[in-house]
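**Student:** Quick one: structure below, then a few questions.
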């Protein structure tokens, strides 16, 4: 078995599990069917997800969307392994959530995924921290918030990067592999400077071609992904530890505390100090 999952918490009409996949390029894509509505946050690795709503390469920060009963296929031809925090909802449970979400006109996701979105950065960091701290009591609330966000995005028909964008040539399998390799390099080296030229050189492409392809596949630029990775890791540390904010900022890859504070507030909506204080107060 290349996939294992650990149930973290559950209730009437919902459950959440930690899914770890070790499949690699030599393993055939596997086909399954969603037995519930699924909203899964990718926390590490990359993989290709294909369903009736479309196909996309998912990277950390992206959210997989699955409709109940829909067949899907996952493949790792571009890199080995991934990990997801996967929330599952029975139709009646999700319907109650959808009734309170403006724009959620029907109980179905029209897109296969959501790219990494700044508006969800704080929520996903909170969810990953809950997983690492085994904070079981936090998952029902987190599931409601993540499901509501997914329904709102799907209802608003937000443009999402995928393999089939009208008027835009889809990235080739080779380009998708290059982006997957670059994502992994950024994950491994997020605490140090990573230049666009360096990433492009590693994939044997020009910086312009690499930038265009990365943005098309990942839904953001390489620098935006690097910044998101650093801020996400810092947010998880702020929730899990009592380390000094300056130490967390420097270890995440920020060389200036004021820059870290400014960027954190812009993405997370509050200062690192307020973020930590509010999260600690809710425990």
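Residue numbers (this note's numbering): 1050 to 1332. Note that CB positions come from ideal geometry on N, CA and C, so glycine has one too. These numbers were taken from a predicted model, which means no experiment stands behind them.
The alpha helix (DSSP H) that contains residue 1144, what's its start and end?
**Tutor:** Annotation for residue 1144: the continuous alpha helix (DSSP H) segment containing it runs 1140-1147.
**Student:** In the DSSP output, what is residue 1121 paired with across the bridge?
**Tutor:** 1081 and 1100
**Student:** So, are the CB atoms of residue 1179 and residue 1187 less than 8 Å apart?
**Tutor:** For residue 1179 and residue 1187, yes; Cβs fall inside 8 Å.
**Student:** Quick one: measure Cβ to Cβ for residue 1271 and residue 1237, integer angstroms, because I've assumed they're closer than 8 Å.
**Tutor:** About 14 Å separates the two Cβ atoms, so there is no contact after all.
**Student:** Kindly give me the distance between the Cβ atoms of residue 1131 and residue 1094, rounded to whole angstroms, as I take these residues to be in contact under 8 Å.
**Tutor:** 3 Å
**Student:** Taking the alpha-carbon positions, what's the residue 1309 to residue 1297 distance?
**Tutor:** 10 Å
**Student:** How far does the alpha helix (DSSP H) with residue 1224 in it extend, from its first residue to its last?
**Tutor:** 1222-1237
**Student:** Where does residue 1052 sit, in a helix, a strand or coil, going by DSSP?
**Tutor:** In the three-state DSSP reduction, residue 1052 falls in the strand class (E or B).
**Student:** Looking only at its own chain, which residues have a Cβ that is under 7 Å from the Cβ of residue 1092, when we skip the five neighbours before and after it?
**Tutor:** 1109, 1132, 1133, 1134 and 1177
**Student:** Is the segment 1308-1324 close to the segment 1282-1292, with three or more CB pairs under 8 Å?
**Tutor:** yes
**Student:** In the DSSP assignment, find the alpha helix (DSSP H) that holds residue 1246 and state where it starts and stops.
**Tutor:** 1245-1251
**Student:** If you check the beta carbons only, do residue 1147 and residue 1200 fall under 8 Å apart?
**Tutor:** yes
**Student:** Taking the beta strand (DSSP E) that residue 1092 falls in, what are its first and last residues?
**Tutor:** Boundaries of the beta strand (DSSP E) around residue 1092: 1086-1094.
**Student:** Suppose contacts are defined by Cβ-Cβ distances below 8 Å. Is residue 1137 in contact with residue 1096 by that definition?
**Tutor:** no
**Student:** Going by beta carbon distance, what residues of the same chain come within less than 6 Å of residue 1207, once the five residues before and after it are set aside?
**Tutor:** Only weak support is given to the placement of residue 1207: the predicted model assigns it a pLDDT of 42, under 50, and the value that follows is read from those uncertain coordinates. If we look at residue 1207 and ignore the five residues flanking it on each side, it has no Cβ neighbours.
**Student:** Please confirm whether residue 1071 and residue 1051 have their CB atoms less than 8 Å apart.
**Tutor:** Annotated as proximal: residue 1071 and residue 1051, with beta-carbon spacing under 8 Å.
**Student:** Pull the bridge partners of residue 1134 from the DSSP assignment, please.
**Tutor:** 1067 and 1090
**Student:** Hey, how far is the Cα of residue 1213 from the Cα of residue 1103?
**Tutor:** Confidence at residue 1213 is low in this model, with a pLDDT of 40, below 50, so the placement of that residue should be treated as unreliable; the coordinate-derived value is given next. If I take the Cα positions, the gap works out to 7 Å.
**Student:** Going by other Cβ atoms of all chains shown within 10 Å of its Cβ, with 16 needed for buried, is residue 1168 buried or exposed?
**Tutor:** Taking all protein chains in view, the Cβ of residue 1168 is surrounded by fewer than 16 other Cβ atoms within 10 Å, so the residue is classified as exposed.
**Student:** Where DSSP assigns a beta bridge to residue 1163, which residues make up the other side?
**Tutor:** 1112
**Student:** Give a yes or no on whether the C-beta atoms belonging to residue 1150 and residue 1114 are separated by under 8 Å.
**Tutor:** Contact flag unset, no.
**Student:** Under 8 Å between the Cβ atoms of residue 1163 and residue 1195?
**Tutor:** Taking 8 Å as the Cβ cut-off, residue 1163 and residue 1195 do not qualify as a contacting pair.
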